[in-house]
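In terms of numbering that gives the first Met the number 0, the sequence shown has 562 at position 563, counting the first letter as 1, and numbering is strictly consecutive.
Backbone N, C-alpha and C fix where the C-beta goes; we use that ideal spot for every residue, glycine too.
Written below as structure tokens is the structure these notes are about.
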Amino acid sequence: MRSRSRILSLGALAMAVSVAWPLSLSLGWRGGGGGNGVAHAGTPIVADRGAGTAKASGRVRYDRDVRPILSDRCFLCHGPDEAKRMAGLRLDDPASATAEREGRHAIVPGDPQASELWRRITTHVAEDAMPPAASGKRSLSAEEQALLRKWIEQGAEYEPHWSFVPPVRPEPPVVSDPAWCRNPIDRFVLARLDEAGLRPGPEAPPETLLRRVFLDLTGLPPTEEEIAAYLADERDDPAAYERWVDRLLTEEPYRTRYAENMAVPWLDHARYADTCGIHMDAGRSIWPWRDWVLDAYRRNMPFDQFVVEQIAGDLLPDATQSQRVASGFNRNHVTTDEGGVIAEEYLVEYAVDRVNTTGAVFLGLTVGCARCHDHKFDPIPTEDFYRLYAFFNSNDEPGLYSQTQDAKRAFEPFMTAPSPEQAAKLDALLASAAAIEAERAAPAPGEDVVKQAFLDDLAKQTGVAWRPTTVVEAHSAEGATLAVQPDGSVLVSGTNPERDDHTLVLRIPGSTEDGLRVLSLEAIRDASLPEGRVGRAPNGNAVLTGISVEAASIADPTRRRHVDFAWGWADIEQTNGDYKVVNAMLSDSTVGTAAGWAVDAHNQPGNRHALFVAREPFGYEGGTELSVRLEYRSVYSQHVFGRVRVTAGSMQEAALARLPAAAGSWFHVGPFPEDDRSAVYDAVNGPESAVAIDLAADFKGKRWMHDQRIAEAVPVSFADGVNVEYVGRRLLVPTPRMLDVSLGSDDGIRVFRNGVEVFGRKVERGLAPDQDRASIELPAGEQTLVFKIVNTGGASGFFHRTLPAENVLDHDVVGMLLPPAALDGAFADRVDRAWRTQFSPRYRELTARLEAVRSELAKVEASIPKTMVMKELPEPRPTFVLARGQYDHADTSRPVERGIPAALGTLADDAPRNRLGLAEWLVGDTNPLTARVTVNRLWEQFFGHGIVRTSEDFGYQGEWPTHPELLDWMAIEFRDGGWDQQALIRTIVTSSTYRQSSRQRPEALAVDPDNRLLAYFPRQRLTAEEIRDQALYIGGLLVERLGGPSVKPYQPEGLWREIAMIQSNTREYVRGMGEDLWRRSLYTYWKRAAPPPSMLTFDAPTREFCTIRRIPTNTPLQALVLWNDVQFVEAARGAAGWVLARAGDDGDRLTALYRRCTARALDAERAALMLAALDDFRARYNADPDAAAKLLALGEAPLPEGVPPAELAAWTMLANALLSTDAVIVKN
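Laid out in structure tokens, this is it:
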């Protein structure tokens, strides 16, 4: 991190250079046309319409000349909005405007003096004047009054708004100089120049033209080799330029660069970002959608397909993975995870955002103005807004998303998006796994004999013997009917209370004193239960929250005791909560474990089995009676077993050593951020001393939370940054033993048993399975293990796998201890597989191969990105107009169906009434807007302004096109030419209009000061992304790799922390390493609450909402970024290293550097000044080696070998100043 004095020093040095620097260091336009003036939406320009308007032609047109005045001054009270309309007068409707009202007419065609409108806009009587002073609207200027008078005199002829009328292909006009025209674009431009008495400018110098088209198409400048090749071709071949254009669009590496450059404005339109934007501003994964955009541009996907797949890719028949990914366009909006917000409110906001974005991007309309009331200017009533809204309010999503520490989470609905290589690898691994499983399924010769011997030996070693058990009584605390069945089970029927306790009284005749130790509990499927499952809940599931047993002597009922359980086991335990079987047997022993044993019966069919081992033997000579109470007190109603069987048995003490530890659920607390990465390993936050997983315990405002992501042998990610996370679980250990575990962590790890550290590894590393092995001594009884994961920066994670122990049965092999009647078909097969896994060498070898394949499969699956997509609900939500736009004010008397604004027509009868139907209409022949809006934005990309300068507003408040016929010609050429963007772009950039010099001419400035008629090419500052990418490219640092997740290059330290909540998973900005620092700018991680500061300084939007055009600004901060940002200083050093590697003297090197940066030749005057500045820098750094060392220490790129530091520093400063000039950051 540079010190403040270092920053100021470097800025001062660059400023010193500028004092004697003849080249402009201004960040704006010097001598270029067009300036930086932008007409904002809602501010029609009427004062200067340029040549060819009413002043030139003599004919006043309503749409071009009159409507903008009326829309700006009158429509607020006399326009489309019925609720705000005064006196019932509509000046946008000719019938209303000319109708009689109390003997007067607002407009009398042909007679201004009889027109009330004329009287009101010219009167000096305050109470009669229009617009009234209270409206806040300016009075009409004399010129505006004259236009309205002339229009009335000419008959007050209304006409439909130009953009709502389908375009008709115009014939290219006859012009004064056909030879100048290379294609029809030039004829339309030249015709307007002819009307104004102007001539087009000369063609730009070849180097300037080549740099211009390189920057416009690829976002990067040409190299000196490419310039030399072009100049050589251009001298002999007039078609050389066109060939280079074709190369830039179709050949590598240019077409990838083209795709990356074209994608940037589309990301603005689509409001793409890597975070959610509200509250936590959490990270999220949707970058595969960005990759889809890149691929679409790279393949020159037809624009109609580009639109349809993004609006409705998920609704296409047999939608492909690519088409579903494309639908993420409508998931780029801001979302919230703020606790306490109302989900329904944000469902409305998400749908409204989609409507607004669709309206702006594809229709060029401000449809959002009709959310709360009829549009005040455009013919879009509120009902039409909600017809569009109805297309977007049935996405299968929550309004409020849960908070998470996973900054790479894809918020639902989402999908995995494997690359072709990943998909192929998945298929191969799945096929390999299937082949091994098939081989493994066949038993080896003699295996049955070995298995039976094992069972016999197990019975001898454990002494497990199941006693005849008879149910003598069964009853329900809440009145359900319990009936004993012939097989000894108890079936529940009748009333089905929300909560219940069932008591079974069992008799075990012939038992001996302390002869019992174990109980078997079976939950049995029954046809009388929902879906034939084991539970009475409607979905067939059940949750056992407690089991308690009392033993009494049959011979002497006064002898009785409570049975405490020390160990439990279940075949299936639900994983989406704290639902381990130990919860049922220890429901009161540890805080927060009353969730019980949930059996996942609604997802997995079959019976359920559990074993409970008593802490001490129990039973009585002469027979024992057991009172077994099964408690069903879950928060989930009616989650009761519907048929159970309980059997008692004996077990030798030696059997306990063969039982695995009974494990509770995994819990997690954190992260605990630390400022000092060197101290994070030893930081103490409280969980280190935990002797129980106490959910009420407070650790610096955090508590233990169940974390279902943590599972055996599954890597899990935690929050990025310098922090600590804790993972804990409890174990019930039948006998003292050593527990061997395999661990992985990012970075270090410490392990605590009941508050005592038993293992530690202080290390910095990435997460991988099986990085450490720990042997932990476990006494008998309940033990608590806490794993402390220490992260020193970047990603964080944890891996845990319990290693097999000699003579301890694997989890499923424990099932062999169950009563024989419990081993039904499917479960018996599962137990058999478990036994073979543990005891059959052949099966183990095949299993090891299978696990290796599955491990590789898991790695591939973990590497596959997830991305957010659209997914329709099975039935669309009903839609009503929302009064005042409020989510909870649905006007049920105003239901609406899906449809388009009436002013634009109707959907075809056979069009589907969903997003697919909308998308097809957007690019259909009957929609007058999409083609116009799109070609206008493309024109804007090349000329700085659109033909319609308000490119975000083609409605009544928008500007009149400077070249209406050209706009319609391009729109139809684009649409009828197969929506081919590259074809249209080629036509634009090969036109003579585009190829003009940017040098201003006095006669053009006098007639057309804003260069609306394009008498010369309009100079433009490069975009934020282009400025950074160009600097990296010139410095030889740019890493060109298509696609992939976002990266984090240099930015000021602590910026995210200043604006982020403590719990946010994007609180810490962890700068990338290596190539991540030098990728193209469109891959930079975009945090909505704190976008990349250097790009924000150069007018990049926050992307909280759709942005159609960036409005350029000129500020001192921009100069400071170019001089002081590490990225630009490092790029300058790279350029310095490049030029110093060239042979030659200072003059040769200065010429090469200037050509590399500007594409132009260096003249003698500039060369002399550059040489003088270079000498000054040499003198400074030779005299102050420390200053040179500090300058060269900036950035991570390696320094060139063998270059004296003072020399490299001097050339770095010269390159830094040159990279800051207009000649570099402006497109001429």
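- By the neighbour-count definition (other C-beta atoms within 10 Å, threshold 16), Ala1182 is an exposed residue.
- The beta carbons of Phe611 and Ile523 sit about 17 Å from each other, so the pair does not count as a contact at 8 Å.
- His667 and Met704 have their C-alpha atoms roughly 5 Å apart.
- Per DSSP, His561 is one residue of the beta strand (DSSP E) stretching across 559-562.
- The three-state reading of DSSP puts Asn790 in strand, counting E and B together.
- Nearest in C-alpha terms to Arg897, of all of Tyr886, Trp920, Gly884, is Trp920.
- Of the candidates Phe751, Gly796, Leu777, Gly796 places its Cα closest to the Cα of Arg764.
- Just measuring C-alpha positions, the residue of Gly641, Ala565, Arg558 sitting nearest Gly622 is Arg558.
- Shown here for Glu497: same chain residues with a beta carbon closer than 7 Å to its own, the five before and five after excluded, namely Ser636, Gln637 in chain order.
- For Ser744, the enclosing beta strand (DSSP E) stretches over residues 736-745.
- It is roughly 7 Å from the alpha-carbon of Arg883 to the alpha-carbon of His372.
- Between the stretch 314-322 and the stretch 253-268 there are fewer than three inter-stretch CB-CB distances shorter than 8 Å, so the stretches are not counted as touching.
- Around the C-beta of Lys1226, 16 or more other C-beta atoms lie within 10 Å, and the residue is accordingly described as buried.
- In the structure shown, Tyr993 falls within a coil segment according to DSSP collapsed to helix, strand and coil.
- Excluding the 5 residues flanking it on each side, Leu1191 has same chain C-beta neighbours closer than 8 Å at Arg1132, Leu1198, Pro1204, Leu1207, Ala1208, Thr1211, in chain order.
- Counting every other CB atom within 10 Å of its CB across the protein chains shown gives Gln404 a total of 16 or more, marking it as buried.
- In terms of Cβ geometry, Phe973 and Thr933 form a close pair [threshold 8 Å].
- In this structure, the straight-line span from the alpha carbon of Leu425 to that of Thr846 is close to 19 Å.
- In this structure, the beta-carbon distance from Arg466 to Ala647 falls below 8 Å.
- Around the Cβ of Gly1073, a 10 Å sphere holds fewer than 16 other Cβ atoms; the residue is exposed.
- Per DSSP, the continuous alpha helix (DSSP H) segment holding Leu247 begins and ends at 239-249.
- DSSP lists Phe666, Val785 as the beta-bridge partner residues of Gly727.
- For Arg1079, the closest alpha carbon among the candidates Arg72, Asp952, Ala1023 is that of Ala1023.
- If one requires a minimum length of 4 residues, the alpha helix (DSSP H) runs lying completely within the stretch 179-259 are 183-195, 205-217, 223-235, 239-249, in chain order.
- Within the stretch 354-435, the runs of beta strand (DSSP E) that reach at least 3 residues and sit entirely inside it are, in chain order, 413-415.
- Look at Val470 here: in three-state DSSP terms it is strand.
- The stretch 134-147 makes no contact with the stretch 88-96; the number of CB pairs closer than 8 Å stays below 3.
- DSSP places Val548 inside the beta strand (DSSP E), whose first and last residues are 545-552.
- When the beta-carbon positions are compared, Lys149 and Val212 stay at least 8 Å from each other.
- Separation of Gly759 and Ala682 (C-alpha to C-alpha, rounded to the nearest whole angstrom) is 14 Å.
- Straight-line spacing of the CA atoms in Ser1093 and Arg1066 works out to 19 Å.
- Judged by pairs of C-beta atoms under 8 Å, the stretch 480-492 does not touch the stretch 441-448, as fewer than three such pairs exist.
- Contact check for Asn575 against Arg535 fails: the beta carbons are separated by 8 Å or more.
- Each of Ala190, Tyr229, Leu197 was checked against the Cα of Pro205, and the nearest Cα belongs to Tyr229.
- Between the C-alpha atoms of Glu1057 and Val721 there is a straight-line separation of about 16 Å.
- Counting C-beta atoms within 10 angstroms of its own C-beta, His332 has 16 or more neighbours from the protein chains shown and is therefore classed as buried.
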